[in-house]
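Read the structure below first, then the notes.
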Amino acid sequence: MSNYSMSNYIIDGIWEAKQCILLGMILWLLWNLILFSLKKRSGERLKKYGFKYLFCELLLVIYLCTILTITGIIRTDISTYVYSVPNMTSLLNIPFKGASIKMVILNYLLFAPYGFLIFILYGHKKKLSWKKAILIGFFTSLFIEIFQAFTGRLPEVDDLIANTAGFLVGYLTAQGFLELFDKKTYKYGIIRILSTVILFCISIFALSFWANGDALQAGKVENCAKKCDKRKDQAVSISLLE
Numbered sequence: 000m001s002n003y004s005m006s007n008y009i010i011d012g013i014w015e016a017k018q019c020i021l022l023g024m025i026l027w028l029l030w031n032l033i034l035f036s037l038k039k040r041s042g043e044r045l046k047k048y049g050f051k052y053l054f055c056e057l058l059l060v061i062y063l064c065t066i067l068t069i070t071g072i073i074r075t076d077i078s079t080y081v082y083s084v085p086n087m088t089s090l091l092n093i094p095f096k097g098a099s100i101k102m103v104i105l106n107y108l109l110f111a112p113y114g115f116l117i118f119i120l121y122g123h124k125k126k127l128s129w130k131k132a133i134l135i136g137f138f139t140s141l142f143i144e145i146f147q148a149f150t151g152r153l154p155e156v157d158d159l160i161a162n163t164a165g166f167l168v169g170y171l172t173a174q175g176f177l178e179l180f181d182k183k184t185y186k187y188g189i190i191r192i193l194s195t196v197i198l199f200c201i202s203i204f205a206l207s208f209w210a211n212g213d214a215l216q217a218g219k220v221e222n223c224a225k226k227c228d229k230r231k232d233q234a235v236s237i238s239l240l241e
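Just so you know, numbering that gives the first Met the number 0 puts 139 at position 140 of the sequence shown, and the rest follows in order with no gaps.
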């Protein structure tokens, strides 16, 4: 288990997002060119959507590229897909047992912006229900876990659950955020955001008792340090006797 701090992971994630800006812009432009060629999008529709919609759409593409890069789908060398034998046995593990609570939180945070952008784009005007939206987060995470099995990595049920839950957190937060700008619903927005944050904190607190991998690792490191100190003391004692 890595001693990498959570802040280091977040900084790395921000760096990956910066690296994906150009790729995301290219894919977004190609996507719009395809839509224009198929007459699925026109100048009138662009005016109807507005700049904010197109900007959020671009952010979504960039962030999807970031997710796929962080999880190793885009960055992985193609040869790993050819020579790696998929290992699905990890899917039989009991969810979160002995897992790192740090990694659980990071998986929540990874998919939260994704859920936020999905609501802004499709949940607000098109009224995509949270039940349908959660399927988007679930199947995106499932796709990633399956592909990771072909890169020499182990697919984890923990990641699937945490990613889906993080997606829902982002989705509900975006819903509450938009409600804040309406005088009729701003109270509901405050309640929705607070309740989402509270439920997130409660779930992490509850999981910390089960996902105790970080504590176990810290205990092993501490025991190892004590053994090393004991051996040093014994070596010093022997040298003094000699």
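All residues carry an ideal CB built from backbone N, CA and C; glycine is no exception. From a predicted model like this one, the values you see are computed outputs, not experimental measurements.
Item	Value
Proximity below 8 Å, CB of tryptophan 209 to CB of leucine 167	no
Collapsed DSSP secondary structure at serine 99 in the structure displayed	strand
One or two residues paired with asparagine 211 in a DSSP bridge	Ser99
Residues near methionine 5 by beta carbon distance below 6 Å, same chain, minus five either side	Lys101
Test item: CB-CB of alanine 16 and asparagine 106 under 8 Å	no
Entirely enclosed alpha helix (DSSP H) segments - the region 108-159, minimum 4 residues	129-147
Proximal residues to lysine 183 (C-beta, below 6 Å), its chain only, five neighbours per side dropped	none
Burial state of tyrosine 170 (16 or more Cβ within 10 Å)	buried
Residue of Cys64, Gln18, Ile72 minimising C-alpha distance to glutamate 144	Ile72
Environment of glycine 49 [buried if 16+ CB atoms lie within 10 Å]	exposed
Cutoff 7 Å; reference aspartate 11; Cβ partners in own chain excluding five residues on either side	none
Chain-order list of residues whose beta-carbon lies under 8 Å from that of serine 207 (same chain, five-residue window excluded)	Ile100
Straight-line gap, leucine 22 to isoleucine 61 (C-alpha atoms, nearest Å)	7 Å
Burial state of leucine 159, where buried means 16 or more other Cβ atoms lie within 10 Å	buried
Alpha helix (DSSP H) segment containing phenylalanine 248, residue limits	Only positions 0 to 241 of the chain appear in the structure, and residue 248 is not among them; the question remains open.
Span separating the alpha-carbon of isoleucine 189 from that of arginine 152	40 Å
Sub-8 Å separation of threonine 195 and glycine 175 beta-carbons	yes
C-alpha gap between asparagine 7 and isoleucine 135, whole angstroms	28 Å
Proximity of alanine 132 and glycine 122 at Cβ, strictly below 8 Å	yes
Distance CB(leucine 109)-CB(leucine 59) smaller than 8 Å	no
Nearest to arginine 191 (by Cα), restricted to the options Ile203, Leu177, Ser202, Phe204	Leu177
Neighbourhood of tryptophan 27 by C-beta distance below 6 Å, restricted to the same chain and skipping five residues each side	Leu57, Val60
Member of Leu37, Phe54, Phe35 whose CA lies at the smallest distance from the CA of isoleucine 20	Phe54
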